[in-house]
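Heads up, the thing below is written out as structure tokens.
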Amino acid sequence: MAKKETSNTAHLIADLKKTVHTLQNKIEHLEVQYAQLKNLLDAVPGDVYWKDLNGVWSGMNQRCVQSLYHMKFIHKCDENEILGKTDYEIFGKRTANIYRANDLEVIEKNVELSREEKTLLPSGEEVILLSTKRPLLNKSGNIIGILGNTIDITHLKKIESELKRAKEKAEAANYAKDEFIRNMSHDIRTPLSGIIGISSILEHETQNTRGKEHARMINISGEQLLALLNGVLDIIAAGSQQENIINESVCNVQDLIHSIADLERPTIALKKLDLLISIDCNTPEWITTDTVKLHRILLNLLGNAVKFTEKGFIEIGVRPKLHHGKTLLEFFVKDTGPGIRPKDKDKIFKRFYRATPSSQGIYSGHGVGLHIVKRYTQLLKGKIRVDSTLHVGTTFTLTVPAQSANKPVDAQEPTSFTSSANRTASKEINHSPLVLIIEDNAIALTLIENLLQQAGIRFFSASTGTQALELFQSHTFDWVLSDIGLPDTNGIELTKKLRQYEQSHNHPPTPIIGLTAHAIADIESECLNVGMNQVITKPLRAHLLQELLVRYSNSKFSPTNGPITPPESSLQFDEYPLFDRTEGINNLGSEEALKKILHLLIEENTKDLIKTAQAWDNQDLVEINKLTHKMKSSALYCGTLRMRHTCEILEEHFQKNPKLYPPTLYEQLLKVHQETVNALQKWLNQ
514 MAKKETSNTA HLIADLKKTV HTLQNKIEHL EVQYAQLKNL LDAVPGDVYW KDLNGVWSGM
574 NQRCVQSLYH MKFIHKCDEN EILGKTDYEI FGKRTANIYR ANDLEVIEKN VELSREEKTL
634 LPSGEEVILL STKRPLLNKS GNIIGILGNT IDITHLKKIE SELKRAKEKA EAANYAKDEF
694 IRNMSHDIRT PLSGIIGISS ILEHETQNTR GKEHARMINI SGEQLLALLN GVLDIIAAGS
754 QQENIINESV CNVQDLIHSI ADLERPTIAL KKLDLLISID CNTPEWITTD TVKLHRILLN
814 LLGNAVKFTE KGFIEIGVRP KLHHGKTLLE FFVKDTGPGI RPKDKDKIFK RFYRATPSSQ
874 GIYSGHGVGL HIVKRYTQLL KGKIRVDSTL HVGTTFTLTV PAQSANKPVD AQEPTSFTSS
934 ANRTASKEIN HSPLVLIIED NAIALTLIEN LLQQAGIRFF SASTGTQALE LFQSHTFDWV
994 LSDIGLPDTN GIELTKKLRQ YEQSHNHPPT PIIGLTAHAI ADIESECLNV GMNQVITKPL
1054 RAHLLQELLV RYSNSKFSPT NGPITPPESS LQFDEYPLFD RTEGINNLGS EEALKKILHL
1114 LIEENTKDLI KTAQAWDNQD LVEINKLTHK MKSSALYCGT LRMRHTCEIL EEHFQKNPKL
1174 YPPTLYEQLL KVHQETVNAL QKWLNQ
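As structure tokens, then:
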């Protein structure tokens, strides 16, 4: 019996030893795991910690202990300084309230959240912590507290704040620069308007030939400066808030392509290039888009292609493209020009960038067009791609979203973007309109009065808003022409007063046209919103006055100095001989002198015609007029009568309509030039 008990005891002791050994192994294994987990937790970026449902700190990694010690929230770098305490025992009340509110939101909503938590240190310094907190669960999936990870982002927030200030400072500087240019343009445009207008008056009124020529040179120089100024304003306007607005309208795609091609067709013909128009048969006929911006993009692209291409062909076209189930339109302009160097592809869309410096005089322009192309493409949410090979050619591909549309009810004629000299028709003179002019600049006022006098229009003039209001209340005007900037008010506030007076006296609204020396895009929206009918840029020109008359005046009135409307049949070019040998000899003294001059004439006129083609490509009508005048001066002495008459017609038309240059007149110049050269060469070879 004793032996049996001794045996059982031995087995029990053996089992206990075995169990103890097993437990020791598990404890050692758990200690290793714990050490590994603690090392892993201490290595995790950020301060890791966990609290129970009452907000009592239950554990944390070493980094968290170190952070709280460095922030002076605890006196020793020891986790026992934290364990078993709540936020209110460790932090100040304001900070603890923030922490506890975030903890409760995690517990109550059972969600993870990330928040920036502002913490006030004992030193009084404020730090910003980014805390990510989520529910802490037990084995059963019940919430027993929160688990958090906090990172000090104070330094990053300082950098972010500095970057923001730098950005705001840069934007303010950029705005100030643009505002300076706008104001400068106003200050330049006002006297420039006077120079252009007065020089034009002098040219017509001066009897002295040399005086006329000097006045013309002043006028042309002023127009060139104005063109450059407008180019700069185009760049600023492209970045303005008004230009960021998309104004959608229904557009006929075929008409758009053909109208743009028609603008460049004369230059393409002169350069003896082939023009190809490719419109895919699946392209929708009508689309909804910002037609003006799309037209500007394509015209710039085609104009560039014509400018840089000397031989071969130019192609403009459109095709539909399906992308992720959406229909896009892919417009393209292809040329066989010199191509673009790879290093220039990323630069050509930068404003004012030119691959060839202006000092070389190879190509004209200011580096504005492609920048506007890029800007407008972005506004249309499209993409622009350039594929180019040196000495082979370039293809620009524009891809834009396009929504098919129905033909507009009022679309009786194809949409056209080309200018026409026949836009205005003469009407029977009966009733002269009465116009109120409001302008404080004496020169500008004189020019406007002079234009109205020439047109046989009655007017009253005012130099202040107060005078204008008195005149408006005592007379019935057909329309009002008002400067935007006035000494005692501005055109916008004055318009409000005029409209209020009309409403209070039940008068029908009088058309009000604003005149500004600023970029129209900057103020047009505000002007139209207060009741103006239209805003135009200074200076007021004869062709603009004609358009205002047609739009706002009595239909029975016709200006006494209306625009020239020269259909080809009425110009009677063929009545003048191509070459009058007798007149040439009389002017130059001998046949030998005439032959010498004619050789020079052919050479110089051909060069001038190439320059004219480049100017037409850029729609630089001032430069075209300057070159036309030069060719006319040469024709005066050589007996080339039809060339002289053609140039005179072109000059006369430019004086009446400096911004409306019909393609028919330009084509006539090309035709007469070629016929004249053929006649002169035939005579010289006899």
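If you're matching positions, the sequence shown starts at 514 in my numbering and goes up one per residue. All residues carry an ideal CB built from backbone N, CA and C; glycine is no exception.
Asp793 versus Thr910: straight-line alpha-carbon distance, rounded: Along the sequence shown, read from residue 1 onward, the residue named residue 793 stands at position 280. Along the sequence shown, read from residue 1 onward, the residue named residue 910 stands at position 397. Asp793 and Thr910: Cα-Cα distance of roughly 15 Å.
Contact set for Ile659: own chain, Cβ-Cβ below 6 Å, skip 5 residues either direction: The sequence position of residue 659 within the sequence shown is 146, counting from 1. Same-chain partners within the cutoff: Lys564, Asp616, Val619, Lys646 and Leu649.
In terms of alpha-carbon separation, which member of Glu594, Tyr582 and His583 lies closest to Gly572? Residue 572 sits at position 59 when you count from the first residue of the sequence shown. Nearest C-alpha to Gly572: Glu594.
Please state the DSSP three-state secondary structure of Thr1029. Counted from its first residue, the sequence shown places residue 1029 at position 516. Reduced to three states, the DSSP call for Thr1029 is strand.
Hey, Phe985 and Leu949: beta-carbon distance below 8 Å or not? To locate residue 985, count along the sequence shown from 1; it is residue 472. To locate residue 949, count along the sequence shown from 1; it is residue 436. For the pair Phe985 and Leu949, the CB atoms are nearer than the 8 Å cut-off.
My understanding is that Thr1095 touches Thr1153, with C-beta atoms under 8 Å, so please give their C-beta distance in whole angstroms. Working through the sequence shown from its first residue, we reach residue 1095 at position 582. Working through the sequence shown from its first residue, we reach residue 1153 at position 640. Wrong, their Cβ atoms sit about 13 Å apart, outside the cutoff.
Pull the bridge partners of Ser762 from the DSSP assignment, please. Counting from one through the sequence shown, the residue named residue 762 turns up at place 249. Beta-bridge pairing links Ser762 to Thr802.
Grab me the residues of Ala609's own chain with a C-beta within less than 8 Å of its C-beta, minus the 5 sequence neighbours each way, in chain order. Residue mapping note: residue 609 aligns to position 96 of the sequence shown, counting from 1. So the list reads Thr599, Asp600, Tyr601 and Ile603, once near-sequence residues are dropped.
Do you know offhand how far Tyr1089's Cα is from Thr1119's? Reading the sequence shown from its first residue, position 576 is the one you call residue 1089. Reading the sequence shown from its first residue, position 606 is the one you call residue 1119. Cα to Cα, Tyr1089 sits roughly 21 Å from Thr1119.
Looking only at DSSP bridge pairs, what is His836 linked to? On the sequence shown, position 323 is the one that residue 836 refers to. Paired residues: Lys839.
Check whether the Cβ atoms of Lys1145 and Asp1121 lie closer than 8 Å to each other. For the purposes of this step, residue 1145 is taken as residue 632 along the sequence shown, with counting starting at 1. For the purposes of this step, residue 1121 is taken as residue 608 along the sequence shown, with counting starting at 1. No, the Cβ-Cβ distance between Lys1145 and Asp1121 is not below 8 Å.
How many Å lie between Asn817 and Leu783 at the Cα? As a first step, residue 817 must be located in the sequence shown, where it is residue number 304. As a first step, residue 783 must be located in the sequence shown, where it is residue number 270. Going by the C-alpha atoms only, they are around 16 Å apart.
Proximity winner among Ser917, Ile829, Gly825 and Ile827, relative to Leu841 (alpha-carbon distances): Here residue 841 refers to the residue found at position 328 of the sequence shown. Of the listed residues, the one whose Cα sits closest to Leu841 is Ser917.
Glu1039, DSSP secondary structure in three states: Within the sequence shown, residue 1039 is the residue found at index 526, counting from 1. DSSP places Glu1039 in helix when its eight states are reduced to three.
Would a C-beta distance cut-off of 8 Å place Arg832 and Glu843 closer than the cut-off? Counting from one through the sequence shown, the residue named residue 832 turns up at place 319. Counting from one through the sequence shown, the residue named residue 843 turns up at place 330. Yes, the Cβ-Cβ distance between Arg832 and Glu843 is below 8 Å.
Between the alpha carbons of Cys1040 and Ile1005, how many angstroms are there, rounded? Counted from its first residue, the sequence shown places residue 1040 at position 527. Counted from its first residue, the sequence shown places residue 1005 at position 492. Going by the C-alpha atoms only, they are around 6 Å apart.
My output table needs one value for Lys646: the three-state DSSP class, helix, strand or coil. Taking the first residue of the sequence shown as position 1, residue 646 is located at position 133. In this structure, Lys646 counts as strand in the three-state DSSP scheme.
Measuring alpha carbon to alpha carbon, tell me which of His542, His1112 and Asn1003 ends up nearest Lys1195. On the sequence shown, position 682 is the one that residue 1195 refers to. Minimum Cα distance to Lys1195 is reached at His1112.
Anyone know if the C-beta pair for Asn813 and Ile885 falls short of 8 Å? Position 300 of the sequence shown, counted from the first residue, corresponds to residue 813. Position 372 of the sequence shown, counted from the first residue, corresponds to residue 885. Their beta carbons are under 8 Å apart, which means Asn813 touches Ile885 by this criterion.
Reduced DSSP secondary structure (H/G/I, E/B, other) of Met573: Position 60 of the sequence shown, counting from 1, holds the residue named residue 573. It is a strand residue.
If you run the structure through DSSP and keep just helix, strand and coil, what is Thr632? Your numbering for residue 632 matches position 119 in the sequence shown. The answer is strand: DSSP assigns Thr632 an E or B state.
Give me the residue from Glu692, Leu643 and Ala686 with the minimum Cα distance to Lys670. Counting from one through the sequence shown, the residue named residue 670 turns up at place 157. Out of Glu692, Leu643 and Ala686, Leu643 has the C-alpha closest to the C-alpha of Lys670.
Meets three-Cβ-pair contact criterion under 8 Å: the segment 719 to 735 and the segment 960 to 976: no
For Tyr889, count neighbouring Cβ atoms within 10 angstroms of its own Cβ and tell me buried if that reaches 16, exposed if not. Counted from its first residue, the sequence shown places residue 889 at position 376. The residue is buried, with at least 16 neighbouring Cβ atoms inside 10 Å.
For Ile611, the first and last residue of its enclosing alpha helix (DSSP H): Against the sequence shown, residue 611 aligns to sequence position 98. Note, Ile611: alpha helix (DSSP H), Lys606 to Lys622.
Taking the alpha carbon of His837 as the reference point, which residue from Lys1009, Pro914 and Leu958 has its own alpha carbon closest? Translated into the one-based positions of the sequence shown, residue 837 becomes position 324. When each option's Cα is compared against that of His837, the closest is Pro914.
Where Leu1058 and Leu964 are concerned, what is the direct C-alpha to C-alpha distance, given to the nearest angstrom? One-based indexing of the sequence shown puts residue 1058 at position 545. One-based indexing of the sequence shown puts residue 964 at position 451. Going from the Cα of Leu1058 to the Cα of Leu964 covers about 8 Å.
With a threshold of 8 Å on Cβ separation, who are the neighbours of Asp555 within its own chain once the five nearest residues in sequence on each side are excluded? As a working note, residue 555 is residue 42 in the sequence shown. Cβ neighbours of Asp555 beyond the five flanking positions: Asn574, Gln575 and Arg576.
Where the beta strand (DSSP E) through Asn662 begins and ends: Looking up residue 662 in the sequence shown gives position 149. Per DSSP, Asn662 belongs to the beta strand (DSSP E) from Ile656 to Asp665.
Can you grab the Cα-Cα spacing for the pair Thr1002 / Ala683, in whole Å? Residue mapping note: residue 1002 aligns to position 489 of the sequence shown, counting from 1. Residue mapping note: residue 683 aligns to position 170 of the sequence shown, counting from 1. If I take the Cα positions, the gap works out to 32 Å.
Would you say Leu788 lies against chain B (beta-carbon separation less than 8 Å)? In the structure shown, chain B cannot be found, because there is only a single protein chain.
Would you give the residue range spanned by the beta strand (DSSP E) that Thr1050 belongs to? Taking the sequence shown and counting its residues from 1, one reaches residue 1050 at position 537. Counting along the chain, the beta strand (DSSP E) containing Thr1050 begins and ends at Gln1047 to Thr1050.
Tell me the rounded alpha-carbon separation between Lys894 and Ile664. What you label residue 894 is simply residue 381 of the sequence shown in a count that begins at 1. What you label residue 664 is simply residue 151 of the sequence shown in a count that begins at 1. In a straight line, the C-alpha of Lys894 is about 39 Å away from that of Ile664.
Relative to the C-alpha of Leu1062, which candidate in Pro946, Gln1181, Leu1182 and Thr719 has its C-alpha closest? In the sequence shown, counting from the first residue as 1, residue 1062 sits at position 549. The shortest CA-to-CA distance from Leu1062 to any of Pro946, Gln1181, Leu1182 and Thr719 is the one to Pro946.
Relative to the C-alpha of Thr804, which residue among Lys834, Asn765, Ile781 and His771 is closest? For the purposes of this step, residue 804 is taken as residue 291 along the sequence shown, with counting starting at 1. If we check each option's Cα against that of Thr804, Asn765 comes out closest.
Reduced DSSP category for Leu903 - H, G, I as helix; E, B as strand; rest coil: Position 390 of the sequence shown, counting from 1, holds the residue named residue 903. Correct three-state label for Leu903: coil.
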